[in-house]
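Shown next, in structure tokens, is the structure this report addresses.
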Amino acid sequence: MKSGQAEIAETSKGIQKRGLMSRKIAIFEFILRIIAFFNTISSAILMATTNETLPFFTQFIRFHADYNDLPALTFFVVANAVVSGYLILTLPLAFVHIVKKKTENSRILLIILDVAMVGLLASGAASAAAIVYLAHKGNNNTNWFPVCQQFNSFCERISGSLIGSFIAVALLIFLIILSAIALSRRH
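Note that numbering that gives the first Met the number 0 numbers the sequence shown so that position 27 is 26, with each residue one more than the last.
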């Protein structure tokens, strides 16, 4: 009789530990979503406000660099804006994961949507990275000259924006892994 009660007590403690661990994971996911939001929104704002004008020979002839001159950088801004909107919209659902215990369906939904957002954000960041690379290094075969020697401020801002976006990609991947761990601990 006593061994049965001991087994029940051990099982109860194990369930409580799993519940506490799931709650800790949910709190960590909530915090990571907030951090990823700030990375994506700051990347979008930094890129969207980037421009630089340089005089050429006279003050009447000027060269202007703006993010929307290149479709890849425009796509980058849109992708970051969409993902930051998504992250804000998922915060209430992530909060529900902290409060409730039975959240398997919403976790599965978040995993699917997070994977889609990783794809969108990674493709936007990769396309912008190609442009940033060309701006820094150029391409002698196609007569693309490195413009970062002239447009230094422009290149620094787009490079910083790119770093923030890639950090957000890593955070979203980590969120997917955490959600999968939280799901596997429930069963």
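We treat Cβ as the ideally placed atom computed from N, Cα and C, and that holds for glycine. A quick note: this is a predicted structure, and the numbers were derived from the prediction, not measured.
- By the neighbour-count criterion, in which a residue is buried when 16 or more other Cβ atoms sit within 10 angstroms of its Cβ, GLU155 is exposed.
- Taking 7 Å as the cut-off, the beta carbon of ALA93 is found closer than this to the beta carbon of PHE29.
- Judged by DSSP secondary structure, PRO70 falls within the alpha helix (DSSP H) whose first and last residues are 70–98.
- Counting C-beta pairs with one atom in each stretch, the region 128–143 and the region 91–110 have fewer than three that are closer than 8 Å, which means they do not touch.
- For the pair ALA125 and VAL168, the CB atoms are not nearer than the 7 Å cut-off.
- Note that the region 133–151 does not touch the region 20–34; fewer than 3 beta-carbon pairs, one per stretch, sit closer than 8 Å.
- Annotation: the continuous alpha helix (DSSP H) that includes TYR132 extends over 103–136.
- The alpha-carbon of ASP68 is positioned some 11 Å away from that of THR49.
- The beta carbons of GLY118 and ASN38 sit no closer together than 7 Å.
- In this structure, the straight-line span from the alpha carbon of MET20 to that of ALA47 is close to 40 Å.
- The Cβ neighbour count for ASN138, taken over all protein chains shown within 10 Å, is under 16; the residue is labelled exposed.
- Cβ-Cβ distances below 7 Å link ALA179 to ILE110 in the same chain, with the five nearest sequence neighbours on each side left out; the list follows chain order.
- Residue nearest to LEU72 within the set LEU174, ILE44, LEU112, LYS136 is ILE44 (criterion: CA-CA distance).
- Cβ-Cβ distances below 7 Å link PRO70 to nothing in the same chain once the five nearest sequence neighbours on each side are left out.
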